[in-house]
Structure formats: C-alpha cells, structure tokens
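Worksheet: the structure to be examined is printed underneath.
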Amino acid sequence: MHLAYPAVLSALLFCTGLYGVLARRNAILVLMSVELMLNAVNLNLVAFDVWLSGAAEETLHSGQALTLFTIAIAAAEIGIGLAIVLAVHRNRGTADIDKLRDTAEGHESHPTDGPDSDAPTAEPTGRSEKAEATA
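Per this note's numbering: the sequence shown = residues 93 to 227.
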C-alpha cells in the first residue's frame, strides 16, 4: 500500500477535527473533535512507521510506540475534560462555550440600580455585627 492513502485519510480526519474545534459551540463536541485530530496523528505515525521500517533493515517501530503513548494521553485528556465539562454544566447549567466565555469575561448583563449605581453599597451584615460586638 502506498504512503499517500493513509496520509490523505489522515489529512482529511485532521481537517474535520479542526473544523469541529473551530465551529462547534458545545464543549463535548469540541472534545470529540480534538480526539479526531489525535487519531489522525496516530494514523500518520503508524503509516510512516510502516513505510520507514520497510526501507530500513532494523525494525524499531518507534511510531507505533509513540502512538500507544498518544492513546494513553488522549484517554487521560478525555477523562479530565469530561469531568470539567460536567462540573461546569452542573454549576452554570450549560455546556455552550460562547456563553461560558462571556460569563468568564464579565460580559453578562447586570441590572443597573439607576443613576446611583456607582454609589458604595452597604456593608455586609456580618461586618456590622462584628463592629457592634467589639464596641
């Protein structure tokens, strides 16, 4: 088999994953797209390992070993990523990346208190109770 076939397939998989990362809004779909990109890299590693081992006399299979390492890293990444997405979904009620980014940057809509919105607010009740207790 020629090297071009797995290389083209790998490029198509990687481009599909890249499109998924750039265009999707759901965090779980972004994680799936990252996994698709990692699988494209794994396919390239194995294809070039087979191609290079056919040309060389000694078969080291370093591409396949690196692929196993990449699969282990991807498994850990998806486990931690899903845990983070589930925790964020519990706290915020959404897994939409755009909404989470707007909330993190402070662009969410706050109701204004009127023209005196810059006025200092009353101090918390715990602080005033402490001041009364010490007086």
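All C-beta atoms, glycine included, are put in the ideal place defined by N, C-alpha and C. Here the structure is a predicted model, which is why all the values come from computation and not from measurement.
(request) Answer yes or no: do Asn134 and Thr162 have a C-beta to C-beta separation smaller than 8 Å? (result) For Asn134 and Thr162, yes; Cβs fall inside 8 Å.
Next on the checklist: Could you check whether the Cβ of Ala157 sits closer than 7 Å to any heavy atom belonging to the ligand MG?
Outcome noted: Of the ligands one can find in the structure shown there are none, so the ligand MG has no counterpart to examine.
Quick one: does Ile189 have its CB under 8 Å from some CB of chain D? Absent here is chain D; the protein component of the structure consists of one chain.
- Query: Apart from the five residues on each side of it in sequence, which residues of its chain come closer than 7 Å, Cβ to Cβ, to His153?
  - Reply: Asp141 and Ser145, listed in sequence order.
Beta-carbon proximity of Leu123 to Leu174, cut-off 8 Å: yes
Notebook entry, point to check: Between Ser102 and the rest of its own chain, which residues show a CB-CB distance below 6 Å, the 5 nearest in sequence each way excluded?
Noted result: The beta carbon of Ser102 lies closer than 6 Å to those of Ala132, Leu135 and Asn136 in the same chain, with the five residues before and after it left out.
Is the separation between the beta-carbon of Gly112 and that of Leu121 shorter than 8 Å? yes
Practice item. Return the chain-ordered list of same chain residues with a C-beta closer than 7 Å to the C-beta of Leu158, the five sequence neighbours on each side being excluded. Key: Excluding residues within five positions, the ones whose Cβ falls inside 7 Å are Leu137.
Near Asn118, what residues of its chain come up, given a Cβ to Cβ distance below 8 Å and the 5 sequence neighbours on each side ignored? Ala187, Asp188 and Ile189
Neighbourhood of Leu95 by C-beta, 8 Å cutoff - its chain only, sequence neighbours within 5 removed
Ala139, Phe140 and Trp143
Name the residue from Ala147, Arg116, Ala148 and Cys107 whose alpha carbon lies nearest to the alpha carbon of Leu130.
Cys107
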